[in-house]
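Asker: Position 638 (the sequence shown) corresponds to 699 in my numbering; numbering is contiguous. For glycine and all other residues, C-beta sits at the position ideal for the given N, C-alpha and C.
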Amino acid sequence: MEENGQVSSLSSSDGAECWRRDCLVLSNQTQNLLVAIRSNGKFGANARFANAGRITEHPLLRQLKALQREIMTPALVRYISEEAILRPFCDLYSSEEMGDTIVGVALASLSNLIDLRCSFITRNGLEMILKIVHGKKGEASDISTYEVVLARTLQLYVSCAGHPCARGLPEDLFIRILRRACKVALHPMVSPLLRRTAEQAMKSIVTSLYTFVVKNRPHSSPLEEKNETAVNNEAGEEEESFLTGANMLRYICTLIMGSDNERGSNSDIQRSVNKSSPKAAAVQLEGLWLVQAMLLVVNDCLCEPGWEELLHSVQQDLCRALLVTGVSTENIIVLSLILRTVHIVVKIASIHVVPQTFSFIRVLHLDPIMRMTEELRSGPSSPGRNISSPSMATSPSMPTGSQAHRSITQVMDLYERRELLLESLVEFCGDADFSTFCYAQYDLSRRFPPLFDRLCAVLVENCFYVVDEDSSSALRREERTGVSFDFGAEGFLTQMDALALEAMIGLLRQTSLAVSHPLPPPAELTSLILSRLEQKKLLMEFASLFRRNAIKEGIPFLLGNATRVPAGSSYRNIFGSGVADTPAFVLVEPAGGREVGACLYYLSDVLDKRALGEYLGELGRELPAPASGEGEEGAAALAAWESEREKSHLQAGTVRFYEEQLKGFLQEFDYRNKSLLSCIRETAYRMCMPGEAQKIDRVMEAFAKIWAKSNFDAGKEINPFCSEQGPFILAFSLIMLNTDQHSGKMMKPMKKEDFRRVHRDSDGGNKLPDEFLDRLYDDVKAHPIIMAEMIDAGFSNDVTWALEMRELALSKDVISKDALMRCSMQVTGSNPKDQAVAQALHAFVFSSLWNNCLTAFSNTIYMCGISLEQYLMAEGDVELESTKLDSSLTPAEEAYNVALDGLCFLAKTATMFGVVSAVNHVVLVLLSQLPLDMQDANGSLVRLGNQRFSLHCLEKLFCVLHDCMPMVIDAWGELGNFFSKSFLLGVFAKEPNVTSSTSSSTDCTEVWEELRHNPRIVVAGAKRATSEGGWFAALWGSSISSERAKAQEGEERRAMERVKMLFPTMEEFLRMIDKLEDKAHLQFFRALCETGRMKSKGAADSYAASYMMLLVTEVAIRRSTDNVVLECYMKLCQQVTSSIFATINQPKNLRSQQSNNNSCNDGSGSGCNSNKNNTTSAAIEYESSLTEPSQPIRPEAHEYWLSLAIRVVKALLRAFKHFICHYLQQEVGPQVLDLLTNAPSKVFTSVVAPLLSSTLLELLSEPQYLPHVPTHSILVRLLNTLCMMATACSHPLVQWRTRKALTIMVKEEHYDILRDGEDVINALVTYALESYSEDEEAVGCVANASEVDQGENLESIADDVTTICRRLVAAHDLGSTDNENTEWHRVWIASLRGLCALVVLSRQYRDRSEALLCLQHCLLDSDIKRLPVASISLLYEDVVFPLTEQICAPSSAADPAPSRSTKTPADTAVNPTSTQTFVTSLLSSFSPRPTAKVATKNSADPSSAARERNQIVAIDLKCRVVGLLPKVLLHYVKSLGETPEVLQELWQRILGTLYALYTAPTESSCNTVTADAQDARELRRCNALTEEENVLREAIQETIKNMIYVLSATLSEPECEEVMQQTPYFWTSTKNLLRTFDFAGPLLAHIDALDG
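(1) Am I right that M811 and L798 are in contact with their C-beta atoms under 8 Å? What's the rounded C-beta distance?
(2) Tell me the rounded alpha-carbon separation between S144 and G186.
(3) Which residues mark the beginning and the end of the beta strand (DSSP E) in which V649 is found?
(4) With three or more beta-carbon pairs closer than 8 Å as the criterion, would you say the segment 1141-1161 touches the segment 1123-1131?
(5) What three-state label does DSSP hand T1600 in the structure shown?
(6) Looking at the secondary structure, which residues open and close the beta strand (DSSP E) in which R625 lies?
(7) What do you reckon, are the CB atoms on G621 and F603 nearer than 8 Å?
(8) Evaluate T1182 with the Cβ neighbour count: other Cβ atoms within 10 Å of its Cβ, from every protein chain shown; 16 or more gives buried, anything less gives exposed.
(9) Pick out whichever of V424, T470, R507 has its Cα sitting closest to the Cα of V519.
(10) Between G306 and the rest of its own chain, which residues show a CB-CB distance below 6 Å, the 5 nearest in sequence each way excluded?
(11) Considering only their Cβ atoms, is the gap separating L217 from L255 smaller than 8 Å?
(12) Could you say which of H1074, I1665, S496, S794 lies nearest to S1690 if we only look at CA atoms?
(13) In or out: K1361 buried (at least 16 other Cβ within 10 Å) or exposed?
(14) In whole angstroms, what is the alpha-carbon distance linking E1648 and A1621?
(15) For V1430 and I1374, I'd like the C-alpha separation in whole angstroms.
(16) Just tell me which of S1492, Q1465, F421, I1418 has its CA closest to the CA of L1385.
(17) Could you please give me the residues that DSSP links to D824 through a beta bridge?
(18) For the alpha helix (DSSP H) that Y1466 lies in, which residues bound it at each end?
(19) With H, G and I counted as helix, E and B as strand and the rest as coil, what does DSSP make of T315?
(20) Work out the CA separation of Q1292 and P1328 for me, nearest whole Å.
(21) Find the nearest neighbour of D361 within the set P1076, A410, A382, judged by alpha-carbon distance.
(22) Closest to L310 by C-alpha separation, out of A343, G1455, A354, would be which residue?
(23) With the cut-off set at 8 Å, would you say C965 and Q990 are in Cβ contact?
(24) Can you tell me the Cα-Cα spacing of D822 and R747, whole angstroms?
(25) Pick out whichever of E118, C84, I146, L346 has its Cα sitting closest to the Cα of A136.
(26) Return the chain-ordered list of same chain residues with a C-beta closer than 6 Å to the C-beta of N1184, the five sequence neighbours on each side being excluded.
(27) Opposite R682 in the DSSP bridges: which residues?
(28) Would you report the Cα separation of S1041 and N1341, rounded to the nearest angstrom?
(29) Taking C-alpha atoms, which residue in I236, Y932, L673, E1416 lies nearest to V1367?
(30) Leaving aside the five residues before and after R625 along the sequence, list all residues of the same chain whose C-beta is less than 7 Å from its C-beta, in chain order.
(31) Could you pull out every residue in the same chain whose Cβ sits closer than 7 Å to the Cβ of R538, ignoring the five residues on either side in sequence?
(32) Decide if the segment 186-196 is in contact with the segment 138-155; the criterion is three or more beta carbon pairs, one per stretch, under 8 Å apart.
(33) Does DSSP classify G367 as helix, strand or coil?
(34) Roughly how many whole angstroms lie between the Cα atoms of C1426 and C1479?
(35) What separation, rounded to the nearest whole angstrom, lies between the Cα atoms of L680 and P830?
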């Protein structure tokens, strides 16, 4: 029993149980093996019964039987050693006498013993088995049985490798059995079944090995099962694990390189293998499958502590093998597995393979893709450069040479390879953390050029090509000029371009998903990223300038932007001090040539190596020497020149500067203890050798000196030179040898013997060792000296590889603390700090990504749109697409939809990041695919509705506007053009049967019903077909059948419905516009105005402008707080109204007047209906009817233009109502009103007045329109406008509306009574006197008089004025201050003057009488108890006396009831001051009488009876006025008592006036009756005058009598006694005046009685 084995650790009961189970297993296996041996006649197993004495058993058989007997011996514990148990089986396997069947059974028995986990199996036993099995070399007698033996052997390998005790086996043993299995798998003669078995065995062996490696790591979780514990070896020593996996990985890397060498070392990777051979491809496939299995087992453990050796092997061996093989292989399957392996490596160890990943993406993906893309662009549809703007695309030249004559197979191979690489990029781009990893590690790093930007550029280049016009026409002609174009045009390019598009969407999607769960990044992190980004931009700008012109641009930029540090500072300390944020450019003082060269060394990673080599090889120029001179001046000049030469190394461009610069660059290399060739390779990596031999000589000379100085004490194996010239000569020769061997231009390359002979005496006459020269020759021949641009071909060289994959010159501690350097592709699920870093990076990633995404998506949409249009054109019927709306998508349409989704996704992501420009560009791209041609309105709209891809684009546009509205700012100009065209095409229109809920509310949220009308610019199919028939069709019959026309009309209607379904309703559209910011709204509004602006005076432009006025008005009133919007709106209104009004103002052509009356006889005076179906055709027809503004137009055209004017006026009136009812915009309303009132007379009367009167009536009637009293200026404008309509338009309905509007204004008090009362009164009087006569019967007979309430009786003008007077009295008592009394009295007296004017100038007696009655009520108002004396005097001066004079004074020259005169609107109401002075001028006794006016109706003279009745009426008015004259005095006599002198003066003037009236008629009558009055008419007139005079005299007599009696009674009251005392001569003067009257006797007696 083993004392120290693992068995001893088990309890005795467990050990007995294990041994019993092992015995059963051994018995079974030995029995099976004995049966196999007995069945073989070679050993005579059956003859022992016949000749038992003469035949001896085979020793191996006896050995096996002995083992069987020992097993059957009862025992509680195992007493047989492991070797004794396994030896019989191993001996049977290794015996040459055994056949394949017995060997196979023996192998199966061993496998079963191992697989069943017998407790006696240890590491030693496994090692013994493997060595025996691996050491046997047999020959196959029978192929079938030999393959069985091989299969059993492979199974034994798998069993041994998978046993738990195998973890103690040396790693080389795993490699040997793996190599044995690999040979079986790669043998060309094996069957497919055995090959699959061998491959599976290889995978199992590798998986087992790395499973043990994972289990043995200190930080790995235990994966052992309960009974699978390690046991000790036979010697009792505890097992030690030697497995790291590094050696196995190196061997696998040799397989990936295409070599099946048993030893896995770095030297094997450098071996030159024919990678194109089928065997090499098979070997590479096996290695790639194995390494994938290994990586999947190791997975994330690779980056944990303790895995440094395996990780180093992955970095240096695996990545190198993948790069070398990926660059050189031509096998697509091998390449696909390489790419798959690359993805696994990068995903699990991205932070540790940063430079390797850069090469993976650049060398294996980007560079090959671009090379193949350029090679495949050989057709007319393939431009040389793919750019975002189609107008900038250029056609490529046809390829020359072999590229133009590729075979179909070669072209297809290129396509397949390119597709494979694009698929790999799609997988990279789809990773959640790839973009941030790439951006942080490369685009923010100083060592690498920007990778993310280049990746995006390559993807854009490989998206759908943008072609120019020639290429597009070639596509439309379906030209085929080459094989590559045929394949690319049909299918291959479509698939590959879609892959590039998918990669762009993958990058965008991952960025968007990251933002959906935001983590606010720290501010210092964002500032760090910004700082590094600025530094990187500075570096790349310097690299660009250096590449373009290093001398004139690059170096001056470096000197101007570098940070200066003190002299003596070391660049190695600056860049290797662990400070990651060192400035981009650092120069040590004094910043001469040596310092610049050292700086260029550390900047060489981002510089163009060829430009750097050419610059460093420059010779420079010497400073010009001064002219030779004599004396002190010459000596001083020479001394100054010498001094300047000493400092020439500080002056750029001089010889010494370039010499020091080259030395400074080369001195930064570490050449110590490195061979000359290795140092040359390292130098060539940093800078390409110049092209000129003179520059190469200069560089090599400086290099040789520095190398020799660095290795002067090195051994002979490194520095065998004996002279200073030896290194220089050999270095220059090696450069020439490299060109000789690898340029491909030499017919007979140099041989090794020639190379030795050349350098026989090159070392200063000494001979260099032949072995040394041979080694250099072989190395250069096998591995060319790689320049920087050939790095992908130099991965097999150790020096180049080490330089390319070197780590950053920063300590691990610094890297671990740097948040950006820690960024990896394992951020998802990591700690919050790393997630915050990724979150901060996403914003910068998107800023670099969105422009490329936009270009890719727009290119795709552009090209697919062309393809889809060609498809529809090829079908020959536009309707075909509409019948297939539910059919499957074509590849072009699928790509089109993907690009649309990408644009929508881009806009949403840009909204999350706040990138306004991206969203606006997306909107512009979408709009570019939705052209609406107003010249072909019908066709463009039908195409939009019938093309499925266009409808999808329209849908995405509204999705973007819905989701990204706040970010859409600069695109609203184009959106305005699009929406205005859509509005004109009727997209927002509703059918007539759709009822509207629009009310008369001033709320802008209600949609104006006019906006729902269809402009009908799109002509229906049947009508268009009729119009297109022309005269020929009318003569011979149309070729277009009615059925086809109806079908076409139905199809167009369905297309319109499909478009309308995607558009928002007018309500939704206006709400969307209302949400816009000021800048965006202004752009949109200006676009609307530009569309509505009339480009010409043609009918079509005017028709569109009239409808656009509706939309522009609605948008303007919803944003009326913006002064710029209002300014633009007013300019548009002025332009449109002036043009249309001028056209209407032309005289009519009366030749077609009769046809006009028949066509427009509705009697409304509003013109023809503008929404009839023939408006568009009418616009075209009337286009030719308008020639010059002064020439007449046809009547039907005139009616058409009237309809346009009505539409424009409606829009202006809607704006006017809105501006008036909003207090802040009330000042804009008059401007709109001026546009209407300044219209020509004919336009005003026929178009403006009917609509304006209705609007003003509505404005004053509805309480919501004028919630506040308007300002004085606005009120004056309204009053002037009402007066203007009353005087200019004779239409009864307009007159009625004006009259009602004035009444409502007075009744509802839409004015300030003190401020505006006088203006209102003047307007009322003006209307009463200047308006056309109101004929209520005419009002009731007009077409649209339904708005007139037939039962409504409007109050008279006199009643309105009376209302004003009473409100003045009611609102202001007499106890107010003097100022208020004065103002109140002024307005009150003005109202009285207005009533006087009505009394004097009204045309009808009824009006004059009513006005006089109202005047009497106002003058004698009982509510007015007292008046100031001044007011009473003014009342008599301005009201009573003038009225008496106008009514009662005799006048034979004027008619007391004047008739109307014809006045233009400008004469009557345009002047704002006309109504204010109208009454005063009429009532002034010194003003001339109103001119005679011509009546518009009943122009014949009235009959004599009617005139007599008028004269009788006049007598009645005179008598009432005479009676009113003293009543006013008597009413206010108590107020006059305060100033008796005023009372006496007024009393005397009243008596004097009455006397004048009393005595005047007699003279008038005498003058009137002439001597030659012969006829009866004159006689009757004279009699009437005489009768009138008598009546008037009687009235005066009664008035005076009553006045005397009332006045005497009033003055007799006690309170008036004081007044009489102050005027003792009051009655005396009265008697003197009364004596002139012939009836004064009784009155004088009454006065005398008072005096007594």
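Answerer: By the coordinates alone:
(1) Their Cβ separation, rounded to whole angstroms, is 6 Å, which keeps M811 and L798 in contact under 8 Å.
(2) Ser is not the amino acid found at residue 144; the sequence shown has Glu there. Taking the straight line joining both Cα atoms gives about 7 Å.
(3) For V649, the uninterrupted beta strand (DSSP E) segment begins and ends at 647-649.
(4) No, the segment 1141-1161 does not touch the segment 1123-1131.
(5) coil
(6) 624-626
(7) no
(8) exposed
(9) V424
(10) Y271, V274, L371
(11) no
(12) I1665
(13) buried
(14) 14 Å
(15) 11 Å
(16) I1418
(17) N827
(18) Run containing Y1466: 1466-1480, per the alpha helix (DSSP H) assignment.
(19) helix
(20) It is roughly 21 Å from the alpha-carbon of P1328 to the alpha-carbon of Q1292.
(21) A410
(22) A354
(23) no
(24) Computed Cα separation, rounded: 31 Å.
(25) C84
(26) Excluding sequence positions up to five before and after N1184, its CB lies less than 6 Å from no other CB in the same chain.
(27) T715
(28) Answer to the nearest angstrom: the Cα atoms are 36 Å apart.
(29) E1416
(30) L648, E650, A652
(31) Reliability fails at R538, whose pLDDT of 42 lies under 50, so the model's placement of it is uncertain and the value that follows must be treated cautiously. Within the same chain, R538 has no close Cβ partners at all.
(32) yes
(33) coil
(34) Answer to the nearest angstrom: the Cα atoms are 7 Å apart.
(35) 35 Å
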